[in-house]
Ligand SMILES: [Mn+2]
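In our numbering, the protein residues as written are 24 to 476.
Written as C-alpha cells, this is what we have:
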C-alpha cells in the first residue's frame with residue numbers, strides 16, 4: 024500500500040501548487056450480455072492512487088485539507104486530505120457479489136484519512152470542494168458523474184455570497200496526473216518486470232505447443248491459462264493469435280483458425296500484474312522451422328527492432344526510435360527486392376509504409392497504451408529515465424498482394440519488447456523471451472497439446 028500512498032503524496036504536492044482538489048472515480052461495471060457483466064477491472068488513475076480494486080469507489084484529494092482557507096504552512100498534520108468513498112459492508116449482499124472492505128476498515132487498510140459510504144458522495148462533495156479554485160476531474164466518461172460534479176459546482180456558486188469561493192476551473196488529469204504516471208518508480212517497475220516474466224513464460228509455452236492443426240484459440244487459451252496460473256490479474260489487452268495471413272490484420276482477435284503447416288504464427292499477448300501491463304509480440308513458425316523467405320523477413324524485422332532498441336536513451340524521441348526502425352526496414356526491403364530504388368528516396372516517399380503500416384512505439388504502464396504526452400509544445404518530447412515504451416516494428420505482406428513475388432505473400436512478422444529508459448540508456452524488461460531465429464526454432468514444437476477429441 025505504501026506505493027499507492029506515495030503516488031497520492033506526489034499528486035497532492037503538485038495539486039497544492041495550483042490550489043486544485045481532485046475527484047477520481049474507479050471504473051463502472053460493463054454489461055457483457057443481458058444481466059452478465061465483464062470481470063471488473065479498476066480505472067487506472069484510481070488504482071494508481073489507491074491500490075483498491077472494488078467497484079463503486081471514488082477518491083477525493085484535498086491538498087490543503089478539508090478547510091481550504093488554511094494556508095499550507097499552517098496545515099494541521101491530522102487534517103483530512105484524502106477521502107475515499109466506497110461500498111459499505113453488507114453481509115447479505117456480500118453473499119451474492121463478494122467481499123467488501125467496508126468504510127470502517129478502509130482508513131487503516133488503505134492509508135486514507137477518511138472514508139464514507141459511496142452513497143454520500145454527492146451530498147458531501149460541495150463541502151469538500153469548498154474554497155478550491157480548481158477541480159481535477161475527467162469529464163466525458165459517465166454522464167451521471169458529470170451531472171453530479173456540475174451540480175456540486177452550482178451548489179457552491181450559490182453560496183458565494185456567504186463567503187464561499189466556488190471552483191472556477193475543471194482540469195483534466197492529463198497534464199498533472201498522467202505526467203506522473205508516465206515516470207515509473209522502482210516499485211512500479213518491479214510489477215512491470217513481474218508481468219514481463221509471466222508473459223515470457225506464456226510465449227515460450229505457445230512456441231512449444233504450436234503445431235499444424237492446433238487452433239489459434241488453443242494458443243490463445245494456453246497463453247491466458249499461463250497468465251492466470253501465475254497470479255496475473257489477467258490479460259493487458261485481447262490476445263492476437265494470428266496464423267499466416269491473419270497476421271496482416273493488425274488487431275486480429277477472432278483467433279478461430281487452425282494453424283497451417285509452413286505458415287507463421289504472430290502472437291501479440293501480454294499480462295498485467297497488479298494491473299501493470301506487459302506487451303510482447305513474437306512470430307514463430309507453426310512447424311518449428313522458418314522457410315527461407317520467412318527467415319529473410321524475420322531477420323530484417325529483428326534487425327530493425329534491435330537497432331531501434333539501441334536508439335532508446337535519454338534525449339532520443341519516440342519519433343527517432345520509429346525512424347531508426349523504418350530506415351532499417353527500407354534498406355532491407357530494397358535488399359530483398361520488395362522495393363526498388365534508393366532507400367533514402369523511398370523513405371522520404373513513404374514507399375515502405377504499405378508493408379510497415381503502424382508506428383513503432385507507445386508508452387506502457389497501467390494501460391497498455393499508457394497515458395503521457397508524446398510531444399511538448401508541438402515538438403516530440405525527449406525520452407527520460409523512468410519512461411517505459413514498446414519497440415515493435417513489423418512487416419506485413421498480404422496473401423493477395425499481386426505486386427510482389429508470390430514467394431513473399433502471406434508473411435506477417437512483428438517483434439515487440441518493452442523497454443525502460445535508464446540514465447545510461449535502456450533496459451529491455453522483456454529480455455530473455457526467445458527472439459533470434461535459432462532461439463525461436465529451438466523453443467518451437469517441444470510438447471504437443473492433448474488432442475481435442
Ligand atoms: Mn504494443
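From the three backbone atoms N, C-alpha and C, an ideal C-beta is built for every residue, glycine too.
Residue of the options minimising C-alpha distance to residue i
{"i": "residue 68", "options": "44, 59 and 30", "result": "30"}
{"i": "residue 81", "options": "62, 183 and 51", "result": "51"}
{"i": "residue 274", "options": "283, 290 and 284", "result": "290"}
{"i": "residue 259", "options": "300, 36 and 356", "result": "300"}
{"i": "residue 339", "options": "66, 303 and 448", "result": "448"}
{"i": "residue 37", "options": "204, 423, 227 and 360", "result": "204"}
{"i": "residue 249", "options": "264, 148 and 227", "result": "227"}
{"i": "residue 194", "options": "179, 155, 113 and 209", "result": "155"}
{"i": "residue 384", "options": "413, 450, 470 and 166", "result": "413"}
{"i": "residue 431", "options": "437, 420 and 43", "result": "420"}
{"i": "residue 39", "options": "72, 74, 53 and 86", "result": "86"}
{"i": "residue 42", "options": "153, 396, 337 and 283", "result": "153"}
{"i": "residue 444", "options": "209, 319, 424 and 136", "result": "209"}
{"i": "residue 465", "options": "308, 148 and 268", "result": "308"}
{"i": "residue 320", "options": "103, 346, 354 and 303", "result": "354"}
{"i": "residue 72", "options": "116, 369, 117 and 26", "result": "26"}
{"i": "residue 145", "options": "83, 395 and 162", "result": "83"}
{"i": "residue 197", "options": "160, 168 and 183", "result": "160"}
{"i": "residue 104", "options": "368, 130 and 115", "result": "130"}
{"i": "residue 463", "options": "322, 284 and 116", "result": "322"}
Residue environment, residue i, which counts as buried when at least 16 other CB atoms sit within 10 Å
{"i": "residue 349", "result": "buried"}
{"i": "residue 393", "result": "buried"}
{"i": "residue 317", "result": "buried"}
{"i": "residue 185", "result": "exposed"}
{"i": "residue 239", "result": "buried"}
{"i": "residue 270", "result": "buried"}
{"i": "residue 120", "result": "exposed"}
{"i": "residue 328", "result": "buried"}
{"i": "residue 469", "result": "exposed"}
{"i": "residue 237", "result": "buried"}
{"i": "residue 170", "result": "exposed"}
{"i": "residue 381", "result": "exposed"}
{"i": "residue 61", "result": "exposed"}
{"i": "residue 122", "result": "exposed"}
{"i": "residue 59", "result": "exposed"}
{"i": "residue 45", "result": "buried"}
{"i": "residue 24", "result": "exposed"}
{"i": "residue 302", "result": "buried"}
{"i": "residue 315", "result": "exposed"}
{"i": "residue 288", "result": "buried"}
{"i": "residue 261", "result": "exposed"}
{"i": "residue 49", "result": "buried"}
{"i": "residue 164", "result": "exposed"}
{"i": "residue 149", "result": "buried"}
Residue i and residue j closer than 8 Å at C-beta
{"i": "residue 311", "j": "residue 286", "result": "no"}
{"i": "residue 406", "j": "residue 335", "result": "yes"}
{"i": "residue 151", "j": "residue 106", "result": "yes"}
{"i": "residue 331", "j": "residue 344", "result": "yes"}
{"i": "residue 441", "j": "residue 411", "result": "yes"}
{"i": "residue 189", "j": "residue 176", "result": "yes"}
{"i": "residue 134", "j": "residue 28", "result": "yes"}
{"i": "residue 357", "j": "residue 326", "result": "no"}
{"i": "residue 282", "j": "residue 231", "result": "no"}
{"i": "residue 79", "j": "residue 55", "result": "no"}
{"i": "residue 488", "j": "residue 268", "result": "With the chain covering only 24 through 476, there is no way to say anything about residue 488."}
{"i": "residue 391", "j": "residue 417", "result": "no"}
{"i": "residue 229", "j": "residue 212", "result": "no"}
{"i": "residue 158", "j": "residue 313", "result": "no"}
{"i": "residue 347", "j": "residue 438", "result": "no"}
The beta strand (DSSP E) enclosing residue i, as first and last residue numbers
{"i": "residue 449", "result": "448-451"}
{"i": "residue 82", "result": "81-84"}
{"i": "residue 462", "result": "Premise fails: residue 462 lies in the alpha helix (DSSP H), 460-466, not in any beta strand (DSSP E)."}
{"i": "residue 434", "result": "434-437"}
{"i": "residue 108", "result": "105-109"}
{"i": "residue 308", "result": "303-308"}
{"i": "residue 44", "result": "43-48"}
For residue i, the first and last residue of its enclosing alpha helix (DSSP H)
{"i": "residue 171", "result": "166-181"}
{"i": "residue 441", "result": "That residue, residue 441, is in no alpha helix (DSSP H); its beta strand (DSSP E) goes 440-445."}
{"i": "residue 188", "result": "Segment: none, residue 188 is in no alpha helix (DSSP H) and carries neither H nor E."}
{"i": "residue 114", "result": "114-120"}
{"i": "residue 137", "result": "That residue, residue 137, is in no alpha helix (DSSP H); its beta strand (DSSP E) goes 137-140."}
{"i": "residue 131", "result": "129-133"}
{"i": "residue 206", "result": "Residue 206 -> no alpha helix (DSSP H), and no H or E assigned at all."}
{"i": "residue 332", "result": "315-333"}
{"i": "residue 242", "result": "239-252"}
{"i": "residue 71", "result": "67-73"}
Three Cβ pairs or more, each shorter than 8 Å: is that satisfied between the region 449-460 and the region 209-225? Because the criterion of three Cβ pairs below 8 Å is met, the region 449-460 and the region 209-225 touch.
Touching by the beta-carbon criterion (3+ pairs, under 8 Å), the region 295-304 and the region 252-261: Counting Cβ pairs under 8 Å, three or more are found: they touch.
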